[in-house]
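Here the structure is laid out as structure tokens; the discussion comes afterwards.
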Amino acid sequence: MYSSWDMITDEKLAKISLVLAVIGIIAIYLSITLLGPERLKIESIDEKDSGRLVSVNGTINSISASNGNIFIGLEDATGNITVVMFERTARGQKVYELQENDSVVVDGQVGIYKSELEIIASKIENRKTP
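Quick note on my numbering: the sequence shown kicks off at 8 and runs consecutively.
Here it is in structure tokens:
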């Protein structure tokens, strides 16, 4: 007596494997796309968020550069936080054109430096720029 598994040919097995691989790739793509950084208000960020990917909207209240690294004081209606973008990340982005009072969206990882919260930015988008 044969089970249903005995009737699966190599060709059918290859097709099933291909379909499952494609489904897996689509699932990974969607999880990366849909599960991006969580959008937060500045006041809600605290030490327990260290290492977490976040997205914050705010206005630049100070900006400076040192050795190619960008340091931004960012505020929203709820608070202030320092944003750091290192030179290697800043290359290819328009961050050197940012100015005080620009409205931006910052994506990055929450960190703690000298007991102060900060966001290590991976992306800074000027909301005035298309």
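We put the CB at the ideal spot given by N, CA and C, even for glycine.
Residue(s) in a DSSP beta bridge with residue i
i	result
I70	I79
G31	DSSP output for G31 lists no bridge partner at all.
Candidates the options: closest to residue i by CA position
i	options	result
R46	E123, L124, V112	V112
T96	G58, K130, D109, I67	K130
E134	L105, G118, E125, Y120	Looking at the sequence shown, residue 134 is not Glu but Arg. The option with the nearest alpha carbon to R134 is L105.
G4	I15, G115, G31, I127	Because the chain spans 8 through 137 in this model, residue 4 falls outside it and cannot be assessed.
V102	L124, S71, I49	S71
E82	N74, N108, S73, G99	N108
F78	T66, G86, V91, N68	V91
L124	K22, F93, I52	I52
R98	G118, I119, E132, G75	G75
G58	I35, K121, V117	V117
Y120	S110, K22, E54	E54
N68	K22, G86, F93	G86
Buried or exposed (CB count within 10 angstroms, at least 16 for buried), residue i
i	result
A84	exposed
L27	exposed
I126	buried
I88	buried
V63	buried
Residue i, DSSP secondary structure in three states
i	result
E107	coil
A128	strand
S62	strand
I140	There is no way to answer for residue 140, as the model of the chain reaches only from 8 to 137.
I15	coil
G43	coil
P137	Below a pLDDT of 50, predicted positions are generally treated as unreliable, and P137, at 49, falls in that range; no measurement from the model is reported.
T96	helix
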